[in-house]
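There are 2 protein chains.
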Amino acid sequence: MAGQRTRRRIPEATVARLPVYLQLLSDQFDAEVTNISSEQLAALGGVNAAKVRKDLSYLGSYGTRGVGYDVEFLIFQIKRELGLTHDWHVVIVGAGNLGQALSGYGGFGERGFPVGGIVDVSPDKIGRAIGGVRVRHVDELAQIVQSRDISIGVIATPGPAAQEAADSLVAAGITSILNFAPAIISAPHGISVRKVDLAVELQILSYHEQRRVNARKATTLKAVPGQRGRGASA
Amino acid sequence: MAGQRTRRRIPEATVARLPVYLQLLSDQFDAEVTNISSEQLAALGGVNAAKVRKDLSYLGSYGTRGVGYDVEFLIFQIKRELGLTHDWHVVIVGAGNLGQALSGYGGFGERGFPVGGIVDVSPDKIGRAIGGVRVRHVDELAQIVQSRDISIGVIATPGPAAQEAADSLVAAGITSILNFAPAIISAPHGISVRKVDLAVELQILSYHEQRRVNARKATTLKAVPGQRGRGASA
DNA sequence: ACAGCTTTGTGAAAGCGTGCACAAGCGTCA
DNA sequence: TGACGCTTGTGCACGCTTTCACAAAGCTGT
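In order, the protein sequence lines correspond to chains R and W. Its first residue numbered 11, the first sequence is counted upward by one per residue in our numbering. Its first residue numbered 11, the second sequence is counted upward by one per residue in our numbering.
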């Protein structure tokens, strides 16, 4: 017992999976399951049990051999590691279709990321309320960020305006950016940037559909031996 | 020259990057750039040039040594590989906040994935028009799918209803699913499933924010040596 | 107290993705 | 025609991720 300050550097791949475990565990908690094994958790998530154990082991040794993990305790530990013990307000840049969709959809707030502000450059958008939040001018960004102690910014502008939005966010003191705009943005070292492009996901599916079509054509000529799908356990 | 039927099995990581290249190339094409080197493309995307070349080499040898790649031709080749030579209609299951947001946001149609139908189970949602498409009952799914030859389904239901939605989609003949619901779904072998959870992305950012805060605390005790950010080239 | 069953935590191996470095190839210019 | 400069395409090595396999450890029942 050398104290709780463990030398942990959680691999990025594991960090990306922790929210999934958290979700599954929360579902189980709601279903009044108090204890769960890595095998069960793996089955729920459609992944390998050893992977689950290794992932969880980065948090510390919170399981009990022969028994499994205490659901509630594990939820708390994952939340603590992910920094989800308190809400993080976010500010959205861009009040067009995408920005309205994101803030109107209440999912952010429900999951601990309430919308603390929306800004835009267009005068005819400013002043309108979206999802209970009034749209303000992008020049007020720094003030919004500071008054609510916001560190996460969401870019929901058209592609060409994304870099400018990113620059504004950085200037306002934001340290993490979630970019929904169809453009690659650059940010100074030390700023976390993640990109989500809904169309990209569809294009990846399109690729697999395309292959399926090609495979069907080829079948008339020659039997196809191996074909690995991406589906989870049936 | 043994013909165009190359033995290609494109790595998943590469498939996920092809849409990004496509985007960058399209931007360049609009800017009337006709030729581009892997180095330039890499700079635009914030990635390694060797990676770009290796990725593109999976499509075939479409570059010219000493010169680079023809932008327009490369766009066509990527589109062909991704199956983007024609539109893919999609059907959305769930007309709640998320479903409305997704279909109201016109980004799908703009990028070659027009919304071919929206279904829900709730009688008070059916009949309403969202983004120009009328909401129909989930029982009509098979008919919608067949009439428009749709193979991609989008799940935009609440978490608990996601699996049922997936089952309905599969029963209706869908072969690819994009799941926006906060739940892990399982599908039969051969069905492609991708999951996008907006909250998960924020949680990953939250983790890095959390670490930043912890690092700041630790600074008062001991200097922090290494600290790798995720930002692109400044 | 101990045997037997269950499940964790983790070393080690295998697999996959990334980036370097360079030969091969293409265009240009004398 | 030949030499030179530039850029592609790719072999190879490295590092990260996944998976296997098993010892260590806890619980239960006798």
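C-beta: ideal position from N, C-alpha, C; glycine also. Please read all numbers here as calculations on a predicted model, not as lab measurements.
Look at N58 (chain W): its C-beta is not under 8 Å from any C-beta on chain R. DSSP assignment within the region 165-233 of chain W yields the following whole beta strand (DSSP E) runs of 3 residues or more, N-terminal first: 186-189, 202-205.
With a 10 Å radius around the Cβ and a threshold of 16 neighbouring Cβ atoms, K135 (chain W) comes out buried. Bridge pairing for G163 (chain W): W:V101, W:I187 [DSSP]. For Q173 (chain W), no Cβ of chain R is located within less than 8 Å of the residue's own Cβ. As summarised for the region 30-58 of chain W, there are no continuous beta strand (DSSP E) elements at least 3 residues long confined to that stretch. Separation of V101 (chain R) and N107 (chain W) (C-alpha to C-alpha, rounded to the nearest whole angstrom) is 19 Å. Taking a Cβ-Cβ cut-off of 9 Å, the neighbours of G114 (chain W) in chain R comprise N107, Q110, A111, G114, given in sequence order. For A139 (chain R), the beta-bridge partners assigned by DSSP are R:R144.
Listed along chain W is no residue with a C-beta nearer than 8 Å to that of L69 (chain R); the closest approach is about 12 Å. Cβ contact annotation for L208 (chain W) (same chain, cutoff 8 Å, sequence separation greater than five): F190, in chain order. Put simply, the backbone Cα of A139 (chain R) is about 50 Å away from that of A225 (chain R). DSSP places I128 (chain R) outside any alpha helix (DSSP H); the residue lies instead in the beta strand (DSSP E), whose first and last residues are 125-130. Boundaries around G78 (chain R) are those of the beta strand (DSSP E), 78-80, since no alpha helix (DSSP H) includes it. A Cβ of chain R is located within less than 8 Å of the beta carbon of S202 (chain W).
Only exposed fits T229 (chain R), as fewer than 16 other CB atoms lie within 10 angstroms of its CB. Here K64 (chain W) is exposed: its Cβ has fewer than 16 other Cβ atoms, across all protein chains shown, within 10 Å. Between A26 (chain W) and chain R, the shortest Cβ-Cβ separation is below 8 Å. Residue environment analysis places K89 (chain R) among the buried positions, since at least 16 neighbouring C-beta atoms fall within 10 angstroms of its C-beta. Neighbours of F86 (chain R) in chain W, taken as residues whose beta carbon is under 7 Å from its own, are absent, since the nearest beta carbon is some 14 Å off.
DSSP, reduced to helix, strand and coil, places G117 (chain R) within a helical segment of the structure shown. For S71 (chain W), no alpha helix (DSSP H) encloses it, and the DSSP letter there is neither H nor E.
The beta carbon of Q173 (chain R) lies closer than 6 Å to those of I195 in the same chain, with the five residues before and after it left out. Listed along chain W are P29, Q33, G117, F118, E120, R121, G122, F123, each with a C-beta nearer than 9 Å to that of A209 (chain R).
For the region 36-56 of chain R, residues whose beta-carbon sits nearer than 7 Å to a beta-carbon of chain W comprise L54, G55, G56.
Not one beta carbon of chain W lies nearer than 8 Å to the beta carbon of H99 (chain R).
Annotated as distal: S178 (chain R) and V223 (chain R), with beta-carbon spacing of 8 Å or more.
In this structure, DSSP gives T24 (chain W) a helical state, which the three-state scheme calls helix. Counting the other CB atoms within 10 Å of its CB gives T95 (chain W) a total below 16, which places it among the exposed residues. Exclusion of the five residues before and after L69 (chain R) leaves Q87, E91 as the residues of its chain whose Cβ lies within less than 6 Å of its Cβ. If the five residues before and after I160 (chain W) are omitted, its C-beta is found closer than 6 Å to the C-beta atoms of H99, V101, G126, all from its own chain and listed in chain order. For D134 (chain R), the secondary structure class from DSSP, reduced to helix, strand or coil, is coil.
Identification of residues in the region 181-202 of chain W having a C-beta nearer than 9 Å to some C-beta of chain R yields T185, S186, I187, L188, F190, P192, A193, I194, I195, S196, A197, P198, H199, G200, I201, S202, given in sequence order. By the criterion of at least three beta-carbon pairs nearer than 8 Å, the region 71-84 of chain W is in contact with the region 43-62 of chain W.
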